[in-house]
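Residue numbers (this note's numbering): 446 to 744.
One structure is given here, and the rest of the page talks about it.
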């Protein structure tokens with residue numbers, strides 16, 4: 446059930462032989478089994494927390510496209526709180542591509558020398574294959590009558606939202622709450638006091654979006670969950686009718702950028718395939734998969 450409205454919104458010779466044998470075994474185990482196929486390559490996509498289902502489908506579709514062209518590929522995924530994922534890449538996790546929740550998380554990689562200047566212009570639509578927003582998920586029948594941001598600070602309301610220090614979902618929820626005050630004519634002081642009161646209603650701060658989903662939808666804590674629109678649709682599908690989606694009258698435009706990690710792909714020789722991978726998101730098939738999983742396609 447939906448209530449409300451959409452917001453505006455590797456040195457010796459022996460070592461070389463051993464390494465070659467191991468590589469052959471790995472490719473042999475992971476490949477398509479067709480004789481004479483091109484050497485299989487691998488990519489690592491470091492993404493934010495709740496995108497597992499989306500990337501599972503995108504990866505399978507892109508692999509089929511590559512195999513049809515005689516190219517083998519293995520795509521590995523890493524998921525976690527967006528800020529923590531950015532830090533992991535800066536600290537040495539060799540991501541060929543990143544798909545993080547916030548522009549600021551991705552731009553940290555540029556500041557660390559991993560991305561080229563102007564990375565946003567490397568792909569269409571400012572490297573945004575989709576957008577999203579923050580919505581409310583409530584219990585069946587919305588027993589606490591939660592419709593707007595102001596309702597979150599009423600007595601007796603428990604709010605589930607992840608930690609804004611680590612989570613993209615958490616930061617976007619914080620900013621949306623802050624903005625709801627400013628857009629209603631409040632001052633920065635009013636906004637600061639509102640978010641202070643809001644977080645006094647949060648019984649637990651999970652590190653990432655999926656953890657917060659588990660807390661609310663599976664553990665049954667809280668009256669309202671502030672989450673990605675895509676995650677809300679997943680919660681509703683899995684709830685058996687026990688949860689409802691509320692669109693507050695105002696929310697925030699979420700822009701999860703994607704990027705090829707220039708330093709890594711140049712070291713690994715994977716630039717061409719990494720770019721094809723992200724460009725696939727802008728194809729009709731890619732955009733359909735994005736919509737299927739509750740994100741807002743940009744095409």
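Virtual Cβ for every residue (Gly too), placed ideally from N, Cα, C.
*Per DSSP, residue 673 forms a beta bridge with which residues?*
Taking the first residue of the chain shown as 1, we reach residue 673 at position 228. Answer is 579, bridged to residue 673.
*Taking all protein chains shown into account, decide if residue 645 is buried (16 or more other Cβ within 10 angstroms of its Cβ) or exposed.*
Numbered from its first residue, the chain shown carries residue 645 at position 200. By the 10 Å Cβ count, residue 645 comes out exposed.
*With a cut-off of 8 Å, do at least 3 Cβ pairs link the stretch 568-582 to the stretch 508-527?*
no
*asked:* Quick check on residue 514: buried or exposed, where buried means 16 or more other Cβ atoms within 10 Å of its Cβ?
replied: Position 69 of the chain shown, counting from 1, holds the residue named residue 514. Burial call: exposed.
*By how many angstroms is the C-alpha of residue 673 removed from the C-alpha of residue 551?*
For the purposes of this step, residue 551 is taken as residue 106 along the chain shown, with counting starting at 1. For the purposes of this step, residue 673 is taken as residue 228 along the chain shown, with counting starting at 1. When rounded, the distance between both Cα atoms is 18 Å.
*Given 8 Å as the limit, is there contact between the stretch 609-626 and the stretch 646-656, that is, 3 or more CB pairs closer than that?*
yes
*Across which residues does DSSP place residue 710 in a beta bridge pair?*
If you number the chain shown from 1, residue 710 lands on position 265. Its beta-bridge partners do not exist; DSSP assigns none.
*asked:* Quick check on the DSSP output: what are the complete alpha helix (DSSP H) runs of length 4 or more inside the stretch 470-555, in order along the chain?
replied: 497-513 and 527-535
_I'd like to know if the stretch 701-712 and the stretch 551-567 are in contact, where contact means that at least 3 CB-CB pairs between them fall below 8 Å._
Under the 8 Å Cβ criterion, the stretch 701-712 counts as touching the stretch 551-567, having at least three qualifying pairs.
*Would you identify the three-state DSSP class for residue 598, choosing helix, strand or coil?*
Looking up residue 598 in the chain shown gives position 153. Residue 598 falls in the helix class under three-state DSSP.
*Locate the alpha helix (DSSP H) running through residue 730, then write down its first and last residues.*
The count along the chain shown starts at 1 and reaches residue 730 at position 285. First-last of the alpha helix (DSSP H) with residue 730: 729-737.
_So for residue 742, helix, strand or coil by DSSP?_
As a position in the chain shown, residue 742 is number 297, starting the count at 1. Residue 742 falls in the strand class under three-state DSSP.
*Beta-carbon gap between residue 547 and residue 604 smaller than 8 Å*: One-based indexing of the chain shown puts residue 547 at position 102. One-based indexing of the chain shown puts residue 604 at position 159. Result no, Cβ atoms of residue 547 and residue 604 do not sit closer than 8 Å.
_Neighbourhood of residue 414 by C-beta, 8 Å cutoff - its chain only, sequence neighbours within 5 removed_ = This structure does not reach residue 414, given that the chain is present from 446 up to 744, and the question cannot be answered.
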